[in-house]
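Novice: Chain order of the listed sequences is A and B. Residue 565 in my numbering sits at position 508 of the first sequence, with consecutive numbering throughout. Residue 572 in my numbering sits at position 515 of the second sequence, with consecutive numbering throughout.
There are 2 protein chains.
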Amino acid sequence: MSKLKNFFSPRSIAIIGASPDTKKLVRGRVMKALINSGYKGKIYPINPSHSEISGYKSYASLDELNESPDLTLIAVTAEKVPDILGELSEHNCHNAVIYSSGFAESGQANKSLDDSLKIAIKKHKITVLGPNSVGFFNASDNVAATFSPGIYVENSPRVNDGPGRRLVIISQSGGLGFSIYQRASNRGIKVGLVVSTGNEVGITSLDVLEHAIEDEMVGCVVLYIEQFRDPQRLENIAKKALQKGIPIIVVKSGRSDASKRAAISHTASLVGNDSAYEAIFKAFGIFRAYDQDDMLDMAAVFTGSKVTCGCKVGIVSISGGGAIWLADACSDAGLKVPEFKTKLQNDLKDFVPPYGGTSNPVDITAQSLHSDGNIRALELITKDSDVDMVAVVATLSEESILKKEKKRLKKLSETCKKPIVFCSYTLPKEENLSDLGDCDIPAFTSFVGCARALRTMHLYNRYQLLNLHEKIDNISSPTLEGLTSTNTEFYLAETFQQLGISTPNAKLVLNIEEALIASNQIGYPVVLKVQDPDIVHKTSSGAIELEIDGETHLKNSFKKITSKLQNKKTPILVQSMAQPGVDIIVGVTKDSDFGLLLMVGMGGTNVEVIGDISFSPVPISKLAARELLLGISGLKPWVDESSNLELDIDELSEILVRVSHFAESNSNFIEEFEINPLRVYEPGKKLLALDGYLRIKSSK
Amino acid sequence: MSKLKNFFSPRSIAIIGASPDTKKLVRGRVMKALINSGYKGKIYPINPSHSEISGYKSYASLDELNESPDLTLIAVTAEKVPDILGELSEHNCHNAVIYSSGFAESGQANKSLDDSLKIAIKKHKITVLGPNSVGFFNASDNVAATFSPGIYVENSPRVNDGPGRRLVIISQSGGLGFSIYQRASNRGIKVGLVVSTGNEVGITSLDVLEHAIEDEMVGCVVLYIEQFRDPQRLENIAKKALQKGIPIIVVKSGRSDASKRAAISHTASLVGNDSAYEAIFKAFGIFRAYDQDDMLDMAAVFTGSKVTCGCKVGIVSISGGGAIWLADACSDAGLKVPEFKTKLQNDLKDFVPPYGGTSNPVDITAQSLHSDGNIRALELITKDSDVDMVAVVATLSEESILKKEKKRLKKLSETCKKPIVFCSYTLPKEENLSDLGDCDIPAFTSFVGCARALRTMHLYNRYQLLNLHEKIDNISSPTLEGLTSTNTEFYLAETFQQLGISTPNAKLVLNIEEALIASNQIGYPVVLKVQDPDIVHKTSSGAIELEIDGETHLKNSFKKITSKLQNKKTPILVQSMAQPGVDIIVGVTKDSDFGLLLMVGMGGTNVEVIGDISFSPVPISKLAARELLLGISGLKPWVDESSNLELDIDELSEILVRVSHFAESNSNFIEEFEINPLRVYEPGKKLLALDGYLRIKSSK
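Right, dumping it as structure tokens:
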């Protein structure tokens, strides 16, 4: 059982400073929300100024209560909070929600108070949600421990029963968390738990996530985060969630300068590098959303009764235009809308009028609106082997539109193994959403949103495959023995060799005489490269001379390149000029949250401008390495099946695997590692590392 | 005055076969909708079976009526329609809505009926909306001539007054058109006119569009189309709309095979090439939407009181998380959220609590929810010269949240020159939307949607600039004299020259002896190319040999290339091998709807795989040519300011202009024209056409 079970499903709750005043006081609103939610445990208001609040006996203090409530709700001013934690401990209360704000999120001024809070939490062993939290709402067990207007203003917040899995909402912003709850409920998604984690001095988003995926009733978890406080835990939790088949959908903000500025003052977050988060999400099988609608479209799919790994959609519509629109959206999302076979089309023609359509999308026409055309079509189509899922384009604004077919629809939804969803082009009536909810069928109001969400089932299956079934071999990696703190390509030749990467013939020289001899031995054309660890970008520093085809050319180039040197003893590399190929950048970079990440993308001198780079945590499996490469748009001409070019993607994938293990096994020492370009050729021709750079922590 | 003014704002309406039965009969529903909408003109039910319908005297026939109504509504079975048109003409009625279906959209079976209808329309000179139309709703003049459930089920459909411009909705699908109306009304966008054009045998979407932009109250037009019936008219109408500052937003469906199949049976459309539509929309300054939400987000901006061409957003929020989310969305959309200057921040600090934020986004915190923090912040920020527009992140689900500030907000909205919008993270209450409507302030419920819509103002300004202020010079173009029906690069050398495009030194040869002489004259390295008009893709056909660096190599290559020739007399081109550069494809292609289009993109042998190609109508201005090039993602490394590479984009733009004029002046003859590759170098070095192909209509 999750260690937070008691926290989110307490049998008794004390409210410190509870008040009957719901107008202004948080502690009044919390009390009201708790009562309205139909909480079944004991409620203990603690307030010496009242003998009774809202029909509940009020206690002067915890002393008077003479019992240890499972959970305490604290909404007093910030200064008083540390002392209250001491009192809690004395009375053996170890769970508390702190609504109070005025800690780290208020900046330096309140730093000492924030420190006192942290010390008190540790000393008194209190599990704390907050501070600066809006609280939580456990809709499965009727616990509304929150002052969110989204809950307390309703007389009875929606409590969930009926079939289907639940959505868990975790948010570092309380306002957003409960707005997601409101939107989810409004569209008929059943919510199990909403948690506003606030400053996360105690319970973090990942704690709640870990708790959520223990619950068998949970179908999906959505998170709004500005930063994970304990990012190193994400991998294990994400893997567990993939194993249990509970998709995680995250909105991670803080991509822009403006939002980074704001995040510091909001929940005291220092927003990390977005590319790292992006890479981690992809690698760990976490969906990223950019909007509330987007997020809930995916959540609707994953809280529905079924998922599929297929991508063939059957579309049934009462509107020809709606059918066409959804077919386009599905196609844009990478799904297939296959033409139905003659047999199925003939069966459909029994009740679809001639001005409708039966080829897929099926246009049963508005005439079928009040007949049983829709459910008949659904019963036929769900049986077809060409169909993995069925989307119904409907107008859910019509009164009681589903009443007649509901019984058959519910039966079909229960018996058929394929996902069925509805997409309404009109704004739906609650009654109809509720009917669909009873049938455990998700509803959408956006063609694009519906199609994209359907597509995620396919993607999720891929995520599970990559993370759960793909073995990562244990590979021995080169050590960093013999390397200085900063190394250029010549000094890395052995490391490259150990990584299975070839390098062009090369010799280190110090003067033109040596350069002439070396070039003759290597054979023209050659290139010259300054081997100075401080010069990372050779082209822009004039530290490289290309296509040198003879002695005269060599002399000129050597003069040119050495004229720019500060230190005349800096060695120069004479390297055989490699044949043209496709230039890739492969490397390892360090992120403040997630440590070393593998980096791969289109290489060359304009790598920053092109910006076609992907990242991945290390180590990586070969299949995942291939996926990473396929995500690089510049490689499209070579990996596309209709292309007449070939590239050794297989060997490149192997190299990524080896570099990722190299990073993993030397993670305490590597600061930065880059091969740019790694020149790639057609299969059978060896890849070449032309330039390289490795920086090692000096404390090695 | 628009010639359709009388049609959409009639003073009297006859309903052929009107019925009191609203349960099943379209003509009963139309009657009810008309009455409910508060129509102020005369209503004449025509039905011999009733003496009175819903309180209106019913006439046995048009004869009995003894008056010519401005508009007639026809909902009888398809077969009767052509005869009724004859009767209308006899009674001098020349406007009719035909709701009946069973014409072209039902396929071949009903072709003769469809023909009869067309003949009757022409013979009797009737302006017809439909057939297969759901009718129209003129919300400005209270005319609900429709059986759409979106209108007739309401007791009184929303009629628009108050400030602000109106939205016009034109749809080839009636169901979708009225669902857009429902959604627009629901979010507080004021709708002027909704028209379902159906099969468009008479009035087309473009007719209604032309009518709409004549109306000064119209702020924006949205269209759902499967195909324009009269695409050649689009350019002029679009230009007029740009002149009047009325943006057009189109959802054009039929991008996938499935939707193309469905469109034929839906409104009898043959869906054209999507890339052509995409190009035309961009060139004519028409926005494309992919979803109803997307469409209405843009419409909300353009029916608001103000637009700006700037891109600097000030954000005010009561939710820290909401502020951050919108800041990210704005940044993703290419907008700027600049940090405020100290002076403004200090002014804000007067009322923003210390745990809020003043840097932009401004987090006034939930504490300000019931104070005047929001409006004070708005009053300050709208005055700041660093801000072009202001977005307020709010929770519009709170009851009467705007009541207190409404007066000041309305005044601010009236006096300030910058757009102000609200974005609610919770689902809004109608009351609040209506308050914002009174202030003429658009409301959004999606962060991403809001940001994208704000961005379109900037884009619209660019559209106007390109279309209205950019002169297209008259350029004399090469003629097609002397060219045969299909021409390869050698025969096009003169055409290229006239277009100002250089070609490598080249000679035509028939045997190896001539090839050796030619190569010596040209100088190695050379390339060999078969000049066969039937070989379009030389590489895949083995009709090209590259990098020939000497006589032996030439002999081998010549043997290789000629061994594949069917006809041993096919001439071979010996061409100087061009230096490496960036390969572009430039050409002219023919679209069934829009005629010749200029084509430009990343070139080379994998042009189809890369798919990085844009189109434009011809001729094109130089500024538009530059825009087109900047839209090609493969050119990014060369046009990006931080790049250290240079490319002669200026000369390439000039060439696009000249090719576009060439296409325009020979539009009756050119079937297909392609330069691939056109090799582009740094400025100062001549661009080279390496390969080319021109096909001319044989009837020239």
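Just so you know, even glycine gets a beta-carbon here, dropped at the ideal spot from N, CA and C.
1) Between which two residues does the beta strand (DSSP E) containing methionine 446 (chain B) stretch?
2) Quick one: measure Cβ to Cβ for isoleucine 70 (chain A) and glycine 98 (chain A), integer angstroms, because I've assumed they're closer than 8 Å.
3) Spell out whether any CB of chain A is found under 9 Å from the CB atom of proline 628 (chain B).
4) Counting only Cβ-Cβ distances shorter than 9 Å, please list the residues of the stretch 459-479 of chain A near chain B, keeping chain order.
5) Classify leucine 266 (chain A) as buried or exposed, calling it buried when 16 or more other Cβ atoms lie within 10 Å of its own Cβ.
6) Could you pull the DSSP bridge partners for threonine 184 (chain A) from this structure?
7) Using the Cβ count rule (16 or more neighbours within 10 Å means buried), how would you classify proline 105 (chain A)?
8) Are the C-beta of threonine 399 (chain A) and some C-beta of chain B separated by less than 9 Å?
9) Should glutamate 162 (chain A) be flagged as near chain B, meaning a C-beta pair shorter than 9 Å?
10) Here's the rule I'm using: 16 or more other beta-carbon atoms within 10 Å means buried, otherwise exposed. How should serine 598 (chain B) be labelled?
11) Along chain B, in chain order, which residues have C-beta atoms closer than 8 Å to that of leucine 233 (chain A)?
12) Can you tell which of A:Ile712, A:Glu488, A:Phe479 has the C-alpha that lies nearest to the C-alpha of glutamate 456 (chain A)?
13) Using a beta-carbon distance below 9 Å, is asparagine 243 (chain B) in contact with chain A?
14) Less than 9 Å between the beta carbons of lysine 467 (chain B) and cysteine 496 (chain B), yes or no?
15) What's the gap between the Cα of valine 373 (chain B) and the Cα of alanine 356 (chain A)?
16) Hey, would you say asparagine 518 (chain B) sits closer than 9 Å to lysine 296 (chain B), going by beta carbons?
17) The alpha helix (DSSP H) with asparagine 243 (chain A) in it runs from where to where?
18) Would you kindly work out how many angstroms separate the C-alpha atoms of glutamate 763 (chain B) and serine 559 (chain B), rounded to a whole number?
19) Our contact map puts serine 633 (chain B) next to valine 675 (chain B) with C-beta atoms below 8 Å; I'd like the distance itself, whole angstroms only.
20) How big is the Cα-Cα spacing for threonine 627 (chain A) and proline 590 (chain A)?
21) Determine the chain B residues that contact proline 40 (chain A) at a beta-carbon separation under 8 Å, and present them in chain order.
22) Rounded to the nearest angstrom, what separates alanine 319 (chain A) and phenylalanine 64 (chain A) at their Cα positions?
23) Count the other CB atoms within 10 Å of the CB of leucine 807 (chain B); is the residue buried (16 or more) or exposed (fewer)?
24) Mind pulling the chain A residues with CB within less than 9 Å of serine 388 (chain B)?
25) Give the secondary structure of leucine 327 (chain A) by DSSP, where H, G and I count as helix, E and B as strand, and everything else as coil.
26) From this set, B:Leu516, B:Glu471, B:Thr483, B:Lys369, which residue's C-alpha is nearest aspartate 445 (chain B)'s C-alpha?
27) Answer yes or no: does any C-beta atom of chain A fall closer than 9 Å to that of isoleucine 667 (chain B)?
28) Which of helix, strand or coil does DSSP assign to arginine 433 (chain A)?
29) With a threshold of 8 Å on Cβ separation, who are the neighbours of leucine 383 (chain A) within its own chain once the five nearest residues in sequence on each side are excluded?
30) How do the stretch 197-211 of chain A and the stretch 278-292 of chain A stand: do at least 3 beta-carbon pairs fall below 8 Å, yes or no?
31) May I ask you to report which of helix, strand or coil DSSP gives serine 559 (chain B)?
32) Starting from the C-beta of valine 191 (chain A), find all residues in its chain whose C-beta is less than 6 Å away, skip the five residues before and the five after it, and write them out in chain order.
33) Nearest to phenylalanine 408 (chain A) by CA position, among A:Glu144, A:Leu435, A:Gln521, is which residue?
34) Report the option in A:Glu570, A:Asp530, A:Leu687 whose CA atom is closest to the CA atom of isoleucine 706 (chain A).
35) Return the Cβ separation of proline 188 (chain B) and aspartate 127 (chain B) in integer angstroms, given the expectation that the two are a contact with Cβ distance under 8 Å.
36) Inspect the beta-carbon positions of lysine 309 (chain A) and phenylalanine 341 (chain A) and report whether they are closer than 9 Å.
Specialist: On the basis of the data shown:
1) Taking the first residue of the second sequence as 1, we reach residue 446 (chain B) at position 389. Methionine 446 (chain B) -> beta strand (DSSP E) spans 446-451.
2) Reading the first sequence from its first residue, position 13 is the one you call residue 70 (chain A). Reading the first sequence from its first residue, position 41 is the one you call residue 98 (chain A). Confirmed, about 6 Å.
3) The count along the second sequence starts at 1 and reaches residue 628 (chain B) at position 571. Proline 628 (chain B) does not count as touching chain A.
4) From the stretch 459-479 of chain A, no residue has a Cβ closer than 9 Å to chain B.
5) The residue labelled residue 266 (chain A) in the question sits at position 209 within the first sequence. The residue is buried, with at least 16 neighbouring Cβ atoms inside 10 Å.
6) Locating residue 184 (chain A) in the first sequence gives position 127, where the first residue counts as 1. DSSP lists A:Asn152 as partners of threonine 184 (chain A).
7) Here residue 105 (chain A) is taken as the residue at index 48 of the first sequence, counted from 1. Classification of proline 105 (chain A): exposed, given that the 10 Å Cβ count is below 16.
8) For this step, residue 399 (chain A) is matched to residue 342 along the first sequence. So no, threonine 399 (chain A) is outside the interface.
9) By 1-based counting over the first sequence, the position of residue 162 (chain A) is 105. Yes, glutamate 162 (chain A) counts as interfacial toward chain B.
10) As a position in the second sequence, residue 598 (chain B) is number 541, starting the count at 1. By the 10 Å Cβ count, serine 598 (chain B) comes out exposed.
11) Stepping through the first sequence from its first residue, residue 233 (chain A) is reached at position 176. Correct list: Ser376, Gly378, Gly379, Trp382, Tyr482.
12) Indexing the first sequence from 1 puts residue 456 (chain A) at position 399. Nearest of A:Ile712, A:Glu488, A:Phe479 to glutamate 456 (chain A), Cα basis: A:Glu488.
13) Stepping through the second sequence from its first residue, residue 243 (chain B) is reached at position 186. Closer than 9 Å to some Cβ of chain A, the Cβ of asparagine 243 (chain B) qualifies, so yes.
14) In the second sequence, the residue the question calls residue 467 (chain B) occupies position 410. In the second sequence, the residue the question calls residue 496 (chain B) occupies position 439. The criterion of a C-beta distance shorter than 9 Å is satisfied by lysine 467 (chain B) and cysteine 496 (chain B).
15) Taking the second sequence and counting its residues from 1, the one referred to as residue 373 (chain B) is at position 316. Taking the first sequence and counting its residues from 1, the one referred to as residue 356 (chain A) is at position 299. C-alpha separation (whole angstroms): 29 Å.
16) Position 461 of the second sequence, counted from the first residue, corresponds to residue 518 (chain B). Position 239 of the second sequence, counted from the first residue, corresponds to residue 296 (chain B). No, the pair does not count as a contact, with Cβ atoms beyond the cut-off.
17) Stepping through the first sequence from its first residue, residue 243 (chain A) is reached at position 186. Here the alpha helix (DSSP H) through asparagine 243 (chain A) covers 231-243.
18) Residue coverage of chain B in this structure runs from 58 to 757, which leaves residue 763 (chain B) outside it and unanswerable.
19) Here residue 633 (chain B) refers to the residue found at position 576 when the second sequence is read from its first residue. Here residue 675 (chain B) refers to the residue found at position 618 when the second sequence is read from its first residue. About 31 Å separates the beta carbon of serine 633 (chain B) from that of valine 675 (chain B), a gap too long to meet the 8 Å contact definition.
20) Position 570 of the first sequence, counted from the start, is the residue given in the question as residue 627 (chain A). Position 533 of the first sequence, counted from the start, is the residue given in the question as residue 590 (chain A). Their backbone Cα atoms lie some 10 Å apart in a straight line.
21) There is no way to answer for residue 40 (chain A), as the model of chain A reaches only from 58 to 757.
22) On the first sequence, position 262 is the one that residue 319 (chain A) refers to. On the first sequence, position 7 is the one that residue 64 (chain A) refers to. Between the alpha carbons of alanine 319 (chain A) and phenylalanine 64 (chain A) lies a gap of roughly 31 Å.
23) Coverage of chain B is limited to positions 58 through 757, which leaves residue 807 (chain B) absent and any answer about it impossible.
24) In the second sequence, residue 388 (chain B) corresponds to position 331, counting from 1. Ordered by position in chain A, the residues that pass the 9 Å Cβ test against serine 388 (chain B) are Arg312, Ser313, Asp314, Ala315, Ser316.
25) Position 270 of the first sequence, counting from 1, holds the residue named residue 327 (chain A). Caution applies to leucine 327 (chain A), whose pLDDT of 47 falls short of 50 and renders its modelled position unreliable; the value that the coordinates give is listed next. Leucine 327 (chain A) falls in the coil class under three-state DSSP.
26) Position 388 of the second sequence, counted from the first residue, corresponds to residue 445 (chain B). Ranked by how close their Cα comes to the Cα of aspartate 445 (chain B), the residues B:Leu516, B:Glu471, B:Thr483, B:Lys369 have B:Lys369 in first place.
27) Residue 667 (chain B) sits at position 610 when you count from the first residue of the second sequence. Closer than 9 Å to some Cβ of chain A, the Cβ of isoleucine 667 (chain B) qualifies, so yes.
28) For this step, residue 433 (chain A) is matched to residue 376 along the first sequence. Of the three classes helix, strand and coil, the one that applies to arginine 433 (chain A) here is helix, per DSSP.
29) Here the question's residue 383 (chain A) lines up with position 326 in the first sequence. For leucine 383 (chain A), where only same-chain residues beyond five positions count, the Cβ hits under 8 Å are Ile372, Ser374, Pro418, Ala448, Val450, Cys480, Phe504, Cys507, Ala508.
30) Counting Cβ pairs under 8 Å, fewer than three are found: no touch.
31) Position 502 of the second sequence, counting from 1, holds the residue named residue 559 (chain B). Serine 559 (chain B): strand per DSSP, three-state reduction.
32) On the first sequence, residue 191 (chain A) is found 134 positions in, with the first residue counted as 1. Here the set comprises Thr203, Ser205, Gly231, Ser253.
33) What you label residue 408 (chain A) is simply residue 351 of the first sequence in a count that begins at 1. The shortest CA-to-CA distance from phenylalanine 408 (chain A) to any of A:Glu144, A:Leu435, A:Gln521 is the one to A:Leu435.
34) On the first sequence, residue 706 (chain A) is found 649 positions in, with the first residue counted as 1. Among A:Glu570, A:Asp530, A:Leu687, the Cα nearest to that of isoleucine 706 (chain A) is on A:Leu687.
35) Numbered from its first residue, the second sequence carries residue 188 (chain B) at position 131. Numbered from its first residue, the second sequence carries residue 127 (chain B) at position 70. Separation of the CB atoms of proline 188 (chain B) and aspartate 127 (chain B) is rounded to 20 Å, and the pair is thereby denied contact status at 8 Å.
36) Position 252 of the first sequence holds residue 309 (chain A). Position 284 of the first sequence holds residue 341 (chain A). 9 Å or more divides the Cβ of lysine 309 (chain A) from the Cβ of phenylalanine 341 (chain A).
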